[in-house]
Amino acid sequence: MKREEYENIRERALTLFERANIVLTEAEKQAVEVADFGLGKIEDTGLQLVTYVNTDLVCAKELALLPYQTCPEHKHPKRDFDEGKEETFRCRYGTVYLYVEGEATENRTAHPPQGDESYYTVFKEIILKPGEQYTIYPNTLHWFQAGSEGAVVSEFSTKSTDESDRFTDPRIRRIPEID
Numbered sequence: 003m004k005r006e007e008y009e010n011i012r013e014r015a016l017t018l019f020e021r022a023n024i025v026l027t028e029a030e031k032q033a034v035e036v037a038d039f040g041l042g043k044i045e046d047t048g049l050q051l052v053t054y055v056n057t058d059l060v061c062a063k064e065l066a067l068l069p070y071q072t073c074p075e076h077k078h079p080k081r082d083f084d085e086g087k088e089e090t091f092r093c094r095y096g097t098v099y100l101y102v103e104g105e106a107t108e109n110r111t112a113h114p115p116q117g118d119e120s121y122y123t124v125f126k127e128i129i130l131k132p133g134e135q136y137t138i139y140p141n142t143l144h145w146f147q148a149g150s151e152g153a154v155v156s157e158f159s160t161k162s163t164d165e166s167d168r169f170t171d172p173r174i175r176r177i178p179e180i181d
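Numbered per our numbering, the sequence shown spans residues 3 to 181.
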């Protein structure tokens, strides 16, 4: 991703945080990460986030999704030190369509990004609106997508090790590369 595009997306994420009344320090604003997952189509597949704390026990993040932006299907597998990351998503702004393992929802609201459908396998739909939350247990496949106005989600979890996440799509590179 080019630096100019990265900065543009970061600014759009900051606007979403403001709409959600999420107050960030200047240092946190500068530290917002823009992840395009190495696919080069940030508007469809991506995630913007700021991490407040990530210790051996807990992690807290804010996630911003642009309108209809999708965080791709993945899971948090068993690690040397635990059974995998457990995370709770709490919607702060917009609508989030979360998909997890279980019986597929008929007539679901959101759909995987066009052309990448084969990399999405779980379709039990959980709809989160502001103030609603859902806990995802370790080693559970999941993906999520924002509605038409974008979304902001607070994530509370056990220790985060993004590099250990396992994505269904083998093309994904979790750590951003900026030109």
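All residues carry an ideal CB built from backbone N, CA and C; glycine is no exception.
query	result
Which residue comes first and which comes last in the alpha helix (DSSP H) that contains TYR8?	5-21
Go ahead and pull the three-state DSSP assignment for GLU30.	helix
Mind reading off the beta-carbon distance from THR123 to THR160? Whole number of angstroms is fine, and I expect it under 8 angstroms.	Not confirmed; about 24 angstroms, so no contact.
Mind checking whether PRO79 and THR47 have CB atoms under 8 angstroms apart?	no
Rounded to whole angstroms, what is the Cα-Cα separation between GLY117 and VAL25?	36 angstroms
Which residues bound the beta strand (DSSP E) around PRO74?	72-77
Can you tell me whether DSSP reads SER156 as helix, strand or coil?	strand
Are the CB atoms of ILE44 and GLU7 nearer to each other than 8 angstroms?	yes
Let me confirm a value: GLY42 is counted as buried when at least 16 other C-beta atoms fall within 10 Å, else exposed. Which label applies?	exposed
Between ARG81, LYS131, ARG5, which has its C-alpha nearest THR97's C-alpha?	LYS131
If you draw a straight line from the alpha carbon of ALA33 to that of GLU64, how long is it in whole angstroms?	12 angstroms
List the residues that DSSP assigns as beta-bridge partners of LEU65.	LEU51, VAL155
Is the distance from the Cβ of THR72 to the Cβ of GLN147 below 8 angstroms?	yes
How many angstroms separate the CA atom of ALA153 from the CA atom of ALA112?	14 angstroms
Assuming contact is defined by CB atoms lying nearer than 8 angstroms, are LYS87 and GLY104 in contact in what I supplied?	no
Under 8 angstroms by Cβ, that's how I've got GLU30 and GLN50 pegged, so tell me the actual separation to the nearest angstrom.	Contact doesn't hold; Cβ gap of about 12 angstroms is too wide.
Rounded to whole angstroms, what is the Cα-Cα separation between ASP82 and THR90?	21 angstroms
Can you name, in chain order, every residue of its own chain whose Cβ lies under 6 angstroms from the Cβ of LYS4, other than the five neighbours on each side?	ASP181
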